[in-house]
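Residue numbers (my numbering): 6 to 346. A virtual CB, placed ideally from N, CA and C, is assigned to each residue, including glycine. Source: prediction; values computed, not measured. What follows is a set of notes on a single structure, which appears directly below.
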Amino acid sequence: MSRYGAQFGPDVTFLGVERCSLDAPASFAGADVVVLGAPFDGGTSHRPGTRFGPQAIRTTDYLPHDGSRPSLALRTDGLRDLRVLDAGDVEMYSGDITTALAALERAVETVTRSGAIPVILGGDHSIAFADAKGIANVIGHGRISMLHFDAHADTGDIEFGSLWGHGQPMRRLIESGALRGDRFLQIGLRGYWPPPSTLDWMAAQRMRSYEMTEIGHRGLDTCLTEAFGIAVDECEGVFLSVDIDVCDPGHAPGTGTPEPGGLSARQLLDSVRRICLELPVVGIDVVEVSPPYDHADITAALANRVVLEALSAIARRRQDASTGTSWDPSLPLLADRPTEP
């Protein structure tokens, strides 16, 4: 499990944060967050290319890669107020999905046992099985809930003759017992998949899936508030899984299975901020960024900001907890600054 670096490009870290290596526990001792790359697209059913996602998410930013990003909205610097390290990519051979997922699960479990929050950069969505299960192995099976942003339910059974793929990880997680079906919250579903038989299975597991029509009628904030109440009931923490195709293809064209009619980039970022401010997040993955299908780095830039928004909000949540304060999101940008030179 030594530092592999980057499989598909130079060994750079997320926006210049310090490196660590999972075979050297001292290198990540005391870390708040450890970034892992999962450059894998062996579970893809349509357009490949997500193996290049981790590199794009790490590097797509117009500011210096200096390990610092002060948030205008939250008045925190998620890369400095937290100790964020990057362990490089997990070695994941696309020709052997079971071996690849097992390696990722071990890496995520190692990070979780250290007390750090793993942030995994995908990769296709098949990696969510390893990500969530690796954390559940430490916190306890059935003790973490899932907030899953996606155009697709990813609850297929056997697809293309296989139990494993990017359309099946959520079913495999529930079947394994790592996660409970009744603590599985899905946001942004739409379109023409899965079929009725799969929806029947989801209902039998007592999953809660917020399709875009419901979100449009009730409002995203209302749906999120309801989901939050379910997510923290009888669970120790929340895993956040963001498939970038939850956004409309106009906001995220670089993905393998684009589906029109999704969230806007603003809605996704606001949602991630709320989740990491209000809930005990124990792990995050950002998946399905496929740079070969991107345009002007739109999708990679959004995924990069999803990570930053999460880290900034986690830093704010911890700061509020230590000071006994509560962040007011309506506060004007310059309200807490001196007005005299």
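Does DSSP put residue i in a helix, a strand or coil?
i           : result
residue 222 : helix
residue 43  : strand
residue 92  : strand
residue 25  : coil
residue 293 : coil
residue 181 : helix
residue 67  : coil
residue 58  : helix
residue 193 : strand
residue 102 : helix
residue 234 : helix
residue 136 : helix
residue 127 : strand
residue 276 : helix
residue 282 : helix
residue 30  : helix
residue 144 : helix
residue 228 : helix
residue 186 : helix
residue 249 : helix
residue 154 : strand
residue 243 : strand
residue 75  : strand
residue 167 : strand
residue 204 : helix
residue 345 : coil
residue 216 : strand
residue 268 : strand
Measuring straight from C-alpha to C-alpha, what distance separates residue i and residue j?
i           : j           : result
residue 215 : residue 250 : 15 Å
residue 198 : residue 159 : 9 Å
residue 161 : residue 339 : 49 Å
residue 205 : residue 67  : 46 Å
residue 146 : residue 187 : 13 Å
residue 329 : residue 322 : 10 Å
residue 201 : residue 208 : 10 Å
residue 238 : residue 232 : 10 Å
residue 351 : residue 26  : In this structure the chain extends from 6 to 346, so residue 351 is not present and cannot be described.
residue 342 : residue 336 : 11 Å
residue 213 : residue 228 : 11 Å
residue 300 : residue 9   : 29 Å
residue 219 : residue 273 : 16 Å
residue 118 : residue 345 : 49 Å
residue 175 : residue 236 : 16 Å
residue 63  : residue 69  : 12 Å
residue 2   : residue 223 : Here the chain comprises residues numbered 6 to 346, so residue 2 is not present and cannot be evaluated.
residue 267 : residue 31  : 43 Å
residue 332 : residue 286 : 17 Å
residue 327 : residue 86  : 13 Å
residue 302 : residue 116 : 30 Å
residue 184 : residue 177 : 9 Å
residue 310 : residue 43  : 18 Å
residue 257 : residue 221 : 19 Å
Does the separation of the CB atoms of residue i and residue j fall below 8 Å?
i           : j           : result
residue 294 : residue 315 : no
residue 347 : residue 253 : Outside the modelled stretch of the chain, which goes from 6 to 346, sits residue 347, for which no answer is possible.
residue 196 : residue 114 : no
residue 217 : residue 193 : yes
residue 168 : residue 134 : no
residue 296 : residue 54  : yes
residue 12  : residue 101 : no
residue 83  : residue 305 : no
residue 50  : residue 165 : yes
residue 157 : residue 170 : no
residue 288 : residue 122 : yes
residue 132 : residue 290 : yes
residue 97  : residue 45  : yes
residue 65  : residue 324 : no
residue 298 : residue 260 : yes
residue 181 : residue 225 : no
residue 77  : residue 318 : no
residue 155 : residue 210 : no
Please tell me whether, using a cut-off of 7 Å, the distance from the CB of residue i to the nearest non-hydrogen atom of the ligand PLP is below it.
i           : result
residue 254 : No copy of the ligand PLP appears in this structure; indeed no ligand is present at all.
Touching or not, the segment 105-114 and the segment 129-139, by the rule of three or more beta carbon pairs under 8 Å? yes
Using 8 Å as the Cβ pair cut-off and three pairs as the minimum, do the segment 69-79 and the segment 6-23 touch? yes
Touch check for the segment 141-151 and the segment 231-250: three-plus C-beta pairs under 8 Å? yes
Given 8 Å, three or more beta-carbon pairs between the segment 123-136 and the segment 52-59: yes
Do the segment 25-40 and the segment 84-104 make contact, defined as three or more Cβ pairs closer than 8 Å? yes
Does the structure place the segment 312-331 close enough to the segment 268-288 that three or more beta carbon pairs sit under 8 Å? yes
Taking the runs of the alpha helix (DSSP H) that are 4 residues or longer, which of them lie wholly in the segment 287-341? 303-328
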